[in-house]
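J.:
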Amino acid sequence: MYLFYYNQLNNEEKKIYWFIKDALFSLEPRIYINDSYIPTQRLKEISWMITLDYPELYWTKGSFEINEKTGDRELRPAYLLSKDDIDRYDDYIFSEISNISIGQRDIEEKICSVCNWMIENVRYDTDKYALKNKVNQTVLSVFVEKKSLCMGISKAFKLIASLLDIESIIAIGDIFDER
Numbered sequence: 052m053y054l055f056y057y058n059q060l061n062n063e064e065k066k067i068y069w070f071i072k073d074a075l076f077s078l079e080p081r082i083y084i085n086d087s088y089i090p091t092q093r094l095k096e097i098s099w100m101i102t103l104d105y106p107e108l109y110w111t112k113g114s115f116e117i118n119e120k121t122g123d124r125e126l127r128p129a130y131l132l133s134k135d136d137i138d139r140y141d142d143y144i145f146s147e148i149s150n151i152s153i154g155q156r157d158i159e160e161k162i163c164s165v166c167n168w169m170i171e172n173v174r175y176d177t178d179k180y181a182l183k184n185k186v187n188q189t190v191l192s193v194f195v196e197k198k199s200l201c202m203g204i205s206k207a208f209k210l211i212a213s214l215l216d217i218e219s220i221i222a223i224g225d226i227f228d229e230r
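And the structure:
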């Protein structure tokens, strides 16, 4: 798996990245960070980077509440689903991925197969409240709801590309004026 955002970090940030990533995959309710030299904003950025490198983390918003009253910073991740729901959705998502007709083609044909599947099966979510619904920005929306926003579609493509050993990254940006 190609970890573009991880590779942008310095060595100390990489340690924090792995620590938070492992905690998110384990659904830890609290993550304690004792490295006070990393600013809180940077911790938030690192957490977001993890969700971009690991799109299969669809059960977290990539954000958390932070308690800095003690010597360690206590991060409380925002989880969208329970462990039972995650197991159920994982089975469904990976079953859907296995049904995509990719075959033993070259890289370009594999990429075209995935893109064609998305064009034929996923519609862009035009709901005006979709931006506030973080689930619509995950692989869950693509494979379960069959509608998503750009981020969800990008994450679904990255997940499939990773399974096919194709390097890919999620490029981020806004289409709206945030002022």
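If you're matching positions, the sequence shown starts at 52 in the working numbering and goes up one per residue.
C-beta: ideal position from N, C-alpha, C; glycine also.
No experiment lies behind these values; they were computed from the predicted model shown.
Check the C-beta distance from residue 173 over to residue 211 and give it rounded, since I have them as a contact under 8 Å.
T.: Actually they are not in contact, since the Cβ atoms of residue 173 and residue 211 sit about 12 Å apart, beyond 8 Å.
J.: So which of 85, 135, 81, 106 has the shortest CA-CA distance to residue 207?
T.: With distances taken between Cα atoms, residue 207 lies closest to 106.
J.: Identify, in the order they occur along the chain, each residue of the same chain with its Cβ nearer than 8 Å to the Cβ of residue 190, setting aside the five sequence neighbours on each side.
T.: Closer than 8 Å at Cβ, skipping near neighbours: 106, 107, 109, 144, 203, 206, 207, 210.
J.: Using DSSP bridges, identify the partner residues of residue 198.
T.: Bridge partners of residue 198: 174.
J.: Taking the straight line between their C-alpha atoms, what separation do you get for residue 177 and residue 77?
T.: Going by the C-alpha atoms only, they are around 33 Å apart.
J.: Can you name the residues that DSSP bridges to residue 127?
T.: DSSP lists 116 as partners of residue 127.
J.: Identify, in the order they occur along the chain, each residue of the same chain with its Cβ nearer than 8 Å to the Cβ of residue 123, setting aside the five sequence neighbours on each side.
T.: 83, 84, 85.
J.: Are the region 91-100 and the region 54-64 touching by the rule of at least three beta carbon pairs closer than 8 Å?
T.: Yes, the region 91-100 is in contact with the region 54-64.
J.: I'd like to know whether the C-beta atoms of residue 161 and residue 94 end up nearer to each other than 8 Å.
T.: Cβ distance not < 8 Å, so residue 161 and residue 94 don't count as in contact.
J.: Under DSSP, the beta strand (DSSP E) around residue 82 begins and ends at which residues?
T.: Unbroken beta strand (DSSP E) run through residue 82: 82-84.
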